[in-house]
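Some notes on the structure that comes next.
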Amino acid sequence: MKLRWSVLLQWEALLVALLVATFVIGSSVAEAFLTGENLSLASADLMEKAIMALGLTLVILAGEIDLSVASVLGLSSAIVGATVDAGVPLSLAIGIALLAGALAGLFNGLLVAKLGLPSLVVTLGTLALYRGLAFVVLGDRAVSEFPQGFTDFGFNNVPGTLIPWPAILFAILALATFLVLHRSWIGREVYAIGNNEEAARFSGIDVDRVKVGLFVASGTLAAVAGVVFTARFASARPDNGLGFELDVISAVLLGGVSIFGGRGTLVGVVLALFLIGALRNVLALEDVAAEKQSIAIGTLLIVSVIATNALRGVQERAARRRSAPSPADQPT
Amino acid sequence: MLSRRMGTVVGLILALALGVAACGGDDDSASSGGGGGGGEKAQGANVAFLPKAINNPYFDVAAKGGEAAANQLGGEFKQVGPSEASAPAQVPFINTLTQQRVDAIAVSANDPNALVPALDRASKSGVKIVTYDSDVAPEARTVFVNQADSEQIGRIEVQILGEQIDKKGEIAILSAASTATNQNAWIKFMKDELGKPEYKDMKLVKVAYGNDDDQKSFQETLGLLQAYPNLKGIISPTTVGIAAAARALDSEGMSGKVKLTGLGTPNQMRKFVKNGTVEEFALWDPEKLGYLAYYAAAAVANDQISGKPGESFDAGKLGKKTVEEDGVVVLGPPTRFNKDNIDDFNF
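Protein chains in written order, with the working numbering: chain A, 1 to 332; chain B, 1001 to 1347.
This is the structure:
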């Protein structure tokens, strides 16, 4: 246990180092990078993906995947747009959108946990299904007129600071997720399921219920991201957030979460999110098109997978050595 | 020990990957536009074009015009934009351009309202905003470079058809949707033009609606040919409609017997102009639109105009341009395309 923590800490330390490197390189190539206003805007741009990553981290830690998060974002945005456009009060509209997100997650969870279907296939299906529903809800149009307070929330900073309002929301959600994952029995069950589902089942964990709960959380958080997106861009469109799932999954994996479940921390994921955001921001300021920025992100992800595998190899070798009779060779 | 060394190696590899990626950008931070000169003479500026989407032939041609203008003025030009045409995709570009402190952004808006907060923030940071092709709410920009003055577009189409049929006979209009704002504005001016005495022998018998749908427009054209055997000409003020109508005339063997004109793009219509189905049609020239947008943006950036009606500025080869009501600058009469010049255009 002690050994695993040290390895994980190393991974997070590496992310911090990369983040620092990006800041150093970034501020030297792009003079606009290291300004409060730019960093404020750049972090605001991350918030939807960051919120989605919270739920996805839980799902992946339990050894499953949720590919439908960006489609739920689109569905949530479409629902907010269609209902506000129809004269529904904003708070009710948001409530309906969040409920829809929870139901979307519930549907995923039931198919995975109760029918035992692979989550990759189920959520690949609902990725298409929920996006389609978004187009059914709103049609091929955009709603861009919302109450002032709503778009102010999406657009403004906390008065007197450079902190965007959505970042406050993210901080609260991230703290809650952190407490659930790292300080509660639910978190321990999630890790147990991710490490060995059968063993978790035999030790009395209600695996199905936990999994359904995780998918509901993921769907609800994606719906929250949809509301934030709508507010931030004052634009509800069924194609909002198209393709975001790949960025979110990339961030979670780059954060050191194992795609097979059971390993990784929320701190790593948050660091990875900011790393990707900073990298994209620097590249954008240097006029590198978004499509080409993906080359850098993709490379980073592949290298990180190679690196985690290498670290795991090291860990296992060290563990073997430690169980050997000679006590001299302690891991550092 | 081993794990730390491995960590270092991995770190170096990643840092290298990062470094390579970070250095990959275009490095064009040198040189500053403008300087010197004064008065009414146009000056360069650092202007960025933000079209609805990049890799769109129409906007690429407009960018060519913008670049030509920048070269003439010794200013800077660049075009950035999303790969899909949506307002949320445009906003991050506005933010980035704001942080880069360009002098002016020329934007073609995917949504009149959704871009407003980001544009306001850009303005507050001292970045000047002009729109071209597609406007935003007027308070969020200084001027709008409008490609299409409704009156000119409407009248020129009647004039072109009149020349082709000696201003005699029955004509029809094949429009887009019956609710389309642009088309209805143009049709109003077509009818007004037709009301002039010189067109007393030209009679508008029907306005058909193809809904900007290729199949529907095709069917509507066939319907017009059947219902009005004496039909002499069709005006289709929509790029979808005119192409479908040309195909219908071509396939019915009516090429040349029923004249067709309207608004189309050269690439779409080239074949029909060459085979004689269409003699001449019109559209604004996006290259000139981009050219004018650059001059307007530079004039705003250099505080030569502030968007008030009556102000004027030098627009290079397009001459002097005047700001009209609501801060609109009109490109001018549409360009006419026929077999003599159509190969000069690629959009």
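Beta carbons: idealized from backbone N, C-alpha and C, even for Gly.
Just so you know, these numbers come straight off a predicted model, no measurement behind them.
Give me the residue from the options with the minimum Cα distance to residue i.
{"i": "B:Leu1050", "options": "B:Gln1304, B:Lys1167, B:Ala1297", "result": "B:Ala1297"}
{"i": "B:Ala1118", "options": "B:Gln1090, B:Glu1076, B:Glu1311, B:Asn1046", "result": "B:Gln1090"}
{"i": "B:Glu1311", "options": "B:Ala1301, B:Gly1327, B:Leu1263, B:Lys1317", "result": "B:Gly1327"}
{"i": "A:Leu41", "options": "B:Thr1096, B:Gly1081, B:Gly1074", "result": "B:Thr1096"}
{"i": "A:Glu286", "options": "B:Tyr1209, B:Thr1098, B:Asp1133, B:Gln1152", "result": "B:Thr1098"}
{"i": "B:Ala1045", "options": "B:Arg1101, B:Val1080, B:Gln1152, B:Ser1083", "result": "B:Arg1101"}
{"i": "B:Val1061", "options": "B:Ala1301, B:Pro1286, B:Val1323", "result": "B:Pro1286"}
{"i": "B:Asn1179", "options": "B:Ala1114, B:Gly1154, B:Tyr1209", "result": "Going by the sequence as given, residue 1179 of chain B is Thr instead of Asn. It is B:Tyr1209."}
{"i": "B:Lys1200", "options": "B:Ala1087, B:Met1269, B:Val1116, B:Glu1170", "result": "B:Glu1170"}
{"i": "A:Leu138", "options": "A:Ala290, A:Leu246, A:Ser235, A:Leu18", "result": "A:Ser235"}
{"i": "B:Ala1106", "options": "B:Tyr1295, B:Asp1343, B:Ala1315, B:Thr1322", "result": "B:Tyr1295"}
{"i": "A:Thr123", "options": "A:Thr57, A:Glu316, A:Gly109", "result": "A:Gly109"}
{"i": "A:Gly74", "options": "A:Ala223, A:Asp45, A:Ile172, A:Arg183", "result": "A:Ala223"}
{"i": "B:Gly1154", "options": "B:Lys1321, B:Asn1182, B:Ile1305", "result": "B:Asn1182"}
{"i": "A:Val282", "options": "A:Ala17, A:Ser43, A:Val16", "result": "A:Ser43"}
{"i": "B:Glu1252", "options": "B:Leu1283, B:Thr1238, B:Gln1219", "result": "B:Gln1219"}
{"i": "B:Lys1167", "options": "B:Gly1319, B:Val1278, B:Glu1193, B:Asn1056", "result": "B:Glu1193"}
{"i": "B:Asp1135", "options": "B:Ile1156, B:Ala1282, B:Ala1087", "result": "B:Ala1087"}
{"i": "A:Glu12", "options": "A:Val84, A:Leu253, A:Tyr130, A:Ser144", "result": "A:Leu253"}
{"i": "A:Ala70", "options": "A:Leu99, A:Gln10, A:Ala128", "result": "A:Ala128"}
{"i": "A:Gly160", "options": "A:Asn309, A:Glu37, A:Ser304, A:Arg201", "result": "A:Glu37"}
Can you find a C-beta in chain A that's less than 8 Å from the C-beta of residue i?
{"i": "B:Asn1113", "result": "yes"}
{"i": "B:Val1323", "result": "no"}
{"i": "B:Gln1215", "result": "no"}
{"i": "B:Asn1095", "result": "yes"}
{"i": "B:Ala1087", "result": "yes"}
{"i": "B:Leu1091", "result": "The sequence shown places Val at residue 1091 of chain B, rather than the Leu named in the question. Closer than 8 Å to some Cβ of chain A, the Cβ of B:Val1091 qualifies, so yes."}
{"i": "B:Val1080", "result": "yes"}
{"i": "B:Pro1117", "result": "yes"}
{"i": "B:Arg1141", "result": "no"}
{"i": "B:Gln1159", "result": "no"}
{"i": "B:Ser1251", "result": "no"}
{"i": "B:Ser1108", "result": "no"}
{"i": "B:Ser1351", "result": "In this structure chain B extends from 1001 to 1347, so residue 1351 of chain B is not present and cannot be described."}
{"i": "B:Gln1219", "result": "no"}
{"i": "B:Gln1100", "result": "yes"}
Is residue i near the ligand MG - that is, is its Cβ less than 7 Å away from at least one heavy atom of it?
{"i": "B:Gly1195", "result": "No copy of the ligand MG occurs in the structure displayed, which carries no ligand at all."}
Got a sec: is the Cβ-Cβ distance from residue i to anything in chain B below 8 Å?
{"i": "A:Thr161", "result": "no"}
{"i": "A:Glu145", "result": "yes"}
{"i": "A:Met1", "result": "Residue placement at A:Met1 is poorly supported in this model, since its pLDDT is 46, which falls under 50; the coordinates still yield a value, given next. Closer than 8 Å: no."}
{"i": "A:Phe23", "result": "no"}
{"i": "A:Phe135", "result": "no"}
{"i": "A:Asp239", "result": "yes"}
{"i": "A:Ala142", "result": "yes"}
{"i": "A:Asp247", "result": "no"}
{"i": "A:Glu291", "result": "yes"}
{"i": "A:Ser235", "result": "yes"}
{"i": "A:Phe155", "result": "yes"}
{"i": "A:Val12", "result": "Looking at the sequence shown, residue 12 of chain A is not Val but Glu. No - not a single Cβ of chain B is within 8 Å of the one on A:Glu12."}
{"i": "A:Ala284", "result": "yes"}
{"i": "A:Glu37", "result": "yes"}
{"i": "A:Leu46", "result": "no"}
Assuming residue i contacts residue j under a Cβ cut-off of 8 Å, what Cβ separation, rounded to an integer in Å, is found between them?
{"i": "B:Ala1042", "j": "B:Gly1316", "result": "7 Å"}
{"i": "A:Thr126", "j": "A:Ser218", "result": "Not really, about 11 Å apart at Cβ, beyond 8 Å."}
{"i": "A:Val190", "j": "A:Val210", "result": "7 Å"}
{"i": "A:Leu19", "j": "A:Leu311", "result": "Between A:Leu311 and A:Leu19 the Cβ distance is about 18 Å, and since that is not below 8 Å, they are no contact."}
{"i": "A:Asp361", "j": "A:Ser119", "result": "The question about residue 361 of chain A has no answer here: the residues shown for chain A are numbered 1 through 332."}
Exercise. Taking three-plus beta-carbon pairs below 8 Å as touching, is the segment 259-268 of chain A in contact with the segment 175-185 of chain A?
Worked result: Yes, since at least three Cβ pairs between the segment 259-268 of chain A and the segment 175-185 of chain A fall closer than 8 Å, the two stretches touch.
- Can you give, in chain order, each stretch of the alpha helix (DSSP H) that sits fully within the segment 242-330 of chain A and has at least 4 residues? 244-254, 266-285, 290-323
- Message: Three or more C-beta pairs under 8 Å: does that hold for the segment 218-238 of chain A against the segment 38-52 of chain A?
- Response: yes
- Message: Quick check: the segment 1064-1077 of chain B against the segment 1287-1305 of chain B, are at least 3 beta-carbon pairs closer than 8 Å?
- Response: yes
Decide yes or no for the touch test of the segment 85-97 of chain A against the segment 207-222 of chain A: beta carbon pairs closer than 8 Å, at least 3 of them.
-> no
The segment 1222-1229 of chain B touching the segment 1178-1186 of chain B, judged by at least three CB pairs closer than 8 Å
Because the criterion of three Cβ pairs below 8 Å is not met, the segment 1222-1229 of chain B and the segment 1178-1186 of chain B do not touch.
Review point. In chain order, which continuous runs of the alpha helix (DSSP H) of length 4 or greater are located wholly inside the segment 90-136 of chain A?
Key: Complete alpha helix (DSSP H) runs here, min 4: 90-109.
- Task: Write down every uninterrupted run of the alpha helix (DSSP H) in the segment 164-196 of chain A whose length is 4 residues or greater and which is fully enclosed by it, in chain order.
- Result: 165-183, 185-195
inquiry  = Is it the case that the segment 1329-1342 of chain B contacts the segment 1051-1061 of chain B, given that we only count it when at least three CB pairs across the two stretches are under 8 Å?
reply    = no
Continuous alpha helix (DSSP H) assignments of at least 4 residues falling wholly in the segment 1226-1265 of chain B
If we require 4 residues or more, the alpha helix (DSSP H) runs fully inside the segment 1226-1265 of chain B come out as 1239-1251.
Counting pairs of Cβ atoms below 8 Å between the segment 277-297 of chain A and the segment 71-86 of chain A, do you hit three or more? The segment 277-297 of chain A makes no contact with the segment 71-86 of chain A: fewer than 3 CB pairs, one atom from each, lie closer than 8 Å.
### Query
At a cut of 8 Å, does the segment 1127-1138 of chain B reach the segment 1162-1176 of chain B through at least three beta carbon pairs?
Touching, no, given that fewer than three Cβ pairs across the two stretches are closer than 8 Å.
Inset, instruction - Run through the segment 1147-1227 of chain B for me and flag every whole alpha helix (DSSP H) of 4 or more residues, listed as ranges in chain order. - result: 1150-1164, 1181-1194, 1214-1227
inquiry  = For a minimum of 3 consecutive residues, which ranges assigned as the beta strand (DSSP E) are wholly contained in the segment 1296-1338 of chain B?
reply    = 1312-1314, 1320-1322, 1328-1330, 1335-1338
| query | Do three or more CB pairs link the segment 144-155 of chain A to the segment 23-30 of chain A at distances below 8 Å? | reply | no
Where in the segment 1059-1086 of chain B do unbroken runs of the beta strand (DSSP E), each at least 3 residues long, occur, reported from the N-terminal end onward?
1076-1079
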